[in-house]
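Residue numbers (the numbering used here): 14 to 521.
For every residue, glycine included, the Cβ atom is placed at its ideal position computed from N, Cα and C.
Heads up, the thing below is written out as structure tokens.
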Amino acid sequence: MSTEFLVQLKGITKRFPGVVANHQVDLTLRPGEIHALLGENGSGKSTLMSVLTGLYRPDEGEIYIGGQRVHFRSPHDAIKAGVGMVHQHFKLVDTFTVAQNVILGDRRVPFIPSMSSIEEEIAQISSGYGLAVNPRAYVWHLSVGEKQRVEIIKMLYRGCSVLILDEPTAVLTIQESRQLFANIREMAAQGRTVVVITHKLHEVMEIADRVTVLCRGEAVATFERGGFSERDLALAMVGRDVVSKVEKPAARKKDVVLDLQDVYALNDLGRLGLRSISLTVYGGEILGIAGVAGNGQRELSEVVTGLRPVIRGHILMDGVEMSGEGPRGFIDRGVAHIPEDRLGAGLVPGLNAVDNLILKEYRRKMARGPFLDRRGAESNALDLIGRFGVRLSSLYNPVKYMSGGNLQRLLLAREISSEPRLIVAVYPVRGLDIAATEAVHRLLLEQRAQGTAVLLISEDLDEIFKLSDHIAVLFEGAVTGVLPAAGADAEEIGLLMMGSRKTEEQAV
Ligand SMILES: Nc1ncnc2c1ncn2[C@@H]1O[C@H](COP(=O)(O)OP(=O)(O)O)[C@@H](O)[C@H]1O
Ligand SMILES: [Mg+2]
14 MSTEFLVQLK GITKRFPGVV ANHQVDLTLR PGEIHALLGE NGSGKSTLMS
64 VLTGLYRPDE GEIYIGGQRV HFRSPHDAIK AGVGMVHQHF KLVDTFTVAQ
114 NVILGDRRVP FIPSMSSIEE EIAQISSGYG LAVNPRAYVW HLSVGEKQRV
164 EIIKMLYRGC SVLILDEPTA VLTIQESRQL FANIREMAAQ GRTVVVITHK
214 LHEVMEIADR VTVLCRGEAV ATFERGGFSE RDLALAMVGR DVVSKVEKPA
264 ARKKDVVLDL QDVYALNDLG RLGLRSISLT VYGGEILGIA GVAGNGQREL
314 SEVVTGLRPV IRGHILMDGV EMSGEGPRGF IDRGVAHIPE DRLGAGLVPG
364 LNAVDNLILK EYRRKMARGP FLDRRGAESN ALDLIGRFGV RLSSLYNPVK
414 YMSGGNLQRL LLAREISSEP RLIVAVYPVR GLDIAATEAV HRLLLEQRAQ
464 GTAVLLISED LDEIFKLSDH IAVLFEGAVT GVLPAAGADA EEIGLLMMGS
514 RKTEEQAV
């Protein structure tokens, strides 16, 4: 084995304001291996590889290639040294051809390049690795899979021996993923090192020679092929031994508030985003939706708030068929929404607190004939702000100047004050500090105690365990399992999050 392209990361620490994205990470990439970098969202995978490829400078730590210490100041430096990365968002110019994109930014290319010889070279790389793409095609004609191949060819054209692919299958169909894996195997067979960043266990099982697991910015384990099971990976990834629990009175199971029956919906790409979802949320109960982001959470939150149409199946609110209704219909049935995007979908950034607080209610309460009752609106705002502990400098400042925690309280104040039957809360504490997080959790539990049904979508398993009565797990748009929260263990949920089905017999 040649050691020319042995890559060693030693003690890499990378901090961003308020977060340690990588902490003292050691990682070795052997020439010619397929190395999976596995971890939950936010565990620091992209950051670590961006440090390796010169996009970020580490705060601490050293990088060695072939035993030589290197200091990359840009991705150009890294590529020159043979290390290239294909990011999650492609960086191609639509109006250029494949060949033009491949040479774009390549400093070795002469000022007036001979396109035909470049196209010839691309065709050779393309056939050498099975990366089918026409060098003369315009990028805007290409499928997502083809665009990805262009990005890979671009790195190979520049002579990269170490290729890093950041969540490469996230945008691909199953068939395209299979094709990509064949390409990856071919590259490794020809001596290149390929790093595959992923959060999917089955991909690691399928392709990796070795796998390093990141958890909360730290490399917690490295396994060799044959020396790990899905269970080992899930446990390392989820990485929590103690799950915090709050004492909460048992839910009094009463009426079915929200009932989804065999629901299908499309995602923004026009593919199936939700498949055969059947879920029930009872009054006085919190149903937690666990899963790695991007597995249908957004689509789910949108179909139950009328923002996304259902293409098959039924959504019932208190027994009333809702499929076909828009957001207004859902609001009128008592559905409150704490959206993922507080300052986009939730609140209007340029409006003040008073106006934001009456956005949904004005038709019912605040109308005085055709006019808005300003004084009523103001006293409504004062009342809610007091009850929900929102801190603001003025009622009439645009809300975009408020802190995250206060914005979330304002949003909750508005949604809860409508006395909803169902609250759909999507990542409700994302970006909040501990105090604000506690406040939001308390409000949701209070709602539960009052008999409101809550659908809680979160990536944070601790939060899910803490609040939920039942936990449903989403994977690739389908529910892989629904379990009572009491007695559920993080390991099992971790496996379901990675696509093992509850019904499947699990190997011991
Ligand atoms: N450019 C950035 N600025 C600030 N914080 C960042 C930046 N990039 C990543 N982070 C934070 O660093 C942590 C690790 O992120 P990332 O490396 O993207 O994780 P992963 O790729 O495993 O999902 C997260 O908490 C993320 O919010
Ligand atoms: Mg990432």
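Query raised in the report: Just to confirm, are arginine 321 and tyrosine 277 a CB contact at a threshold of 8 Å?
Result: no
Query - Range of the contiguous beta strand (DSSP E) that encloses valine 207 - result: 206-211
Query - Buried/exposed call for leucine 282, threshold 16 Cβ in 10 Å - result: exposed
Query raised in the report: For the candidate residues Leu22, Gly80 and Asp222, whose alpha-carbon lies nearest to that of glycine 67?
Result: Leu22
Report task. Assign aspartate 179 to buried or exposed, taking buried as 16 or more other Cβ atoms, counted over all protein chains shown, within 10 Å of its Cβ. Result -> buried
Requested in this report: Find the nearest neighbour of alanine 462 within the set Glu298, Cys228, Arg191 and Ala491, judged by alpha-carbon distance.
Outcome: Glu298
Report task. Give the DSSP-derived three-state secondary structure of glutamine 519 in the structure shown. Result -> Per-residue confidence for glutamine 519 stands at a pLDDT of 41, beneath the threshold of 50, marking its modelled position as unreliable; the derived number appears in the next sentence. Coil at glutamine 519, not helix or strand.
Query raised in the report: Does the Cβ of arginine 70 have 16 or more other Cβ atoms within 10 Å, making it buried, or fewer, making it exposed?
Result: exposed
Query raised in the report: Counting pairs of Cβ atoms below 8 Å between the segment 397-415 and the segment 359-368, do you hit three or more?
Result: yes
Query raised in the report: To which residues of the same chain is valine 255 closer than 7 Å at the C-beta, ignoring the five residues directly before and after it?
Result: Note that valine 255 scores 32 on pLDDT, short of 50, meaning its location in the model is unreliable and no value can be drawn from it.
**Report entry** Simplified DSSP assignment, three categories, for arginine 400
**Finding:** helix
Query raised in the report: Is it right to say lysine 104 is buried, meaning 16 or more other beta carbons lie within 10 angstroms of its own, or is it exposed?
Result: exposed
Query raised in the report: Any heavy atom of ligand 1 closer than 7 Å to the Cβ of phenylalanine 103?
Result: no
Report task. Locate the alpha helix (DSSP H) running through glycine 342, then write down its first and last residues. Result -> 340-345
Query raised in the report: Does any heavy atom of ligand 1 sit closer than 7 Å to the C-beta of alanine 34?
Result: yes
Query raised in the report: Which residues bound the alpha helix (DSSP H) around glycine 417?
Result: 417-430
Requested in this report: Compare the Cα-Cα distances from glycine 347 to each of Ala466, Ala491, Leu117 and Met218 and report the closest residue.
Outcome: Ala466
Report task. Just grab the DSSP bridge partners of histidine 350 for me. Result -> Val437
Query - Member of Lys267, Leu292, Gly286 and Arg284 whose CA lies at the smallest distance from the CA of aspartate 275 - result: Leu292
Query raised in the report: How is glutamate 504 classed by DSSP in three states: helix, strand or coil?
Result: helix
**Report entry** Residue environment, leucine 117, which counts as buried when at least 16 other CB atoms sit within 10 Å
**Finding:** exposed
**Report entry** Where lysine 479 falls: helix, strand or coil (DSSP)
**Finding:** helix
Query raised in the report: Can you name, in chain order, every residue of its own chain whose Cβ lies under 7 Å from the Cβ of leucine 425, other than the five neighbours on each side?
Result: Ile351, Phe401, Val453 and Leu456
Report task. Return the chain-ordered ranges of every alpha helix (DSSP H) run that is complete within the segment 172-242 and spans a minimum of 4 residues. Result -> 187-202 and 214-220
Requested in this report: Give me the Cα-Cα distance between threonine 450 and tyrosine 440, rounded to the nearest whole angstrom.
Outcome: 11 Å
Query - Beta-carbon contacts of valine 316 that lie in its chain and below 6 Å, excluding the five residues immediately before and after - result: Ala278 and Val323
Query raised in the report: Taking DSSP as the reference, what is the three-state secondary structure of valine 256?
Result: Any answer about valine 256 is weak, because its pLDDT of 37 lies below 50 and its placement is not dependable; what the coordinates show is given next. Valine 256: coil per DSSP, three-state reduction.
**Report entry** Outcome for serine 257 when other beta-carbon atoms lying within 10 angstroms are tallied against a minimum of 16
**Finding:** Residue confidence is low: serine 257 scores 41 on pLDDT, short of 50, so the model does not pin down where it sits. Its coordinate-derived value is still stated next. By the 10 Å Cβ count, serine 257 comes out exposed.
Query raised in the report: In the structure shown, what three-state DSSP assignment does glutamine 81 receive?
Result: strand
Query raised in the report: Which one of Val83, Ile166, Ala145 and Cys173 has the shortest CA to CA distance from arginine 205?
Result: Cys173
**Report entry** Cβ-based burial, alanine 394 [other Cβ within 10 Å; buried from 16]
**Finding:** buried
Query - Segment contact flag, the segment 151-167 with the segment 99-115, C-beta cutoff 8 Å, min 3 pairs - result: yes
Query raised in the report: Can we count glutamate 180 as close to ligand 2, meaning its CB is less than 7 Å from some heavy atom?
Result: yes
Report task. Please report the residue range of the alpha helix (DSSP H) in which arginine 162 lies. Result -> 157-170
Query raised in the report: Based on the DSSP secondary-structure assignment, which residues constitute the bridge partners of leucine 142?
Result: Residue 142 is actually tyrosine in this sequence, not leucine. Paired residues: none, contrary to the question.
**Report entry** For serine 242, the nearest candidate out of Val251, Cys228, Gly230 and Leu214 (CA to CA)
**Finding:** Leu214
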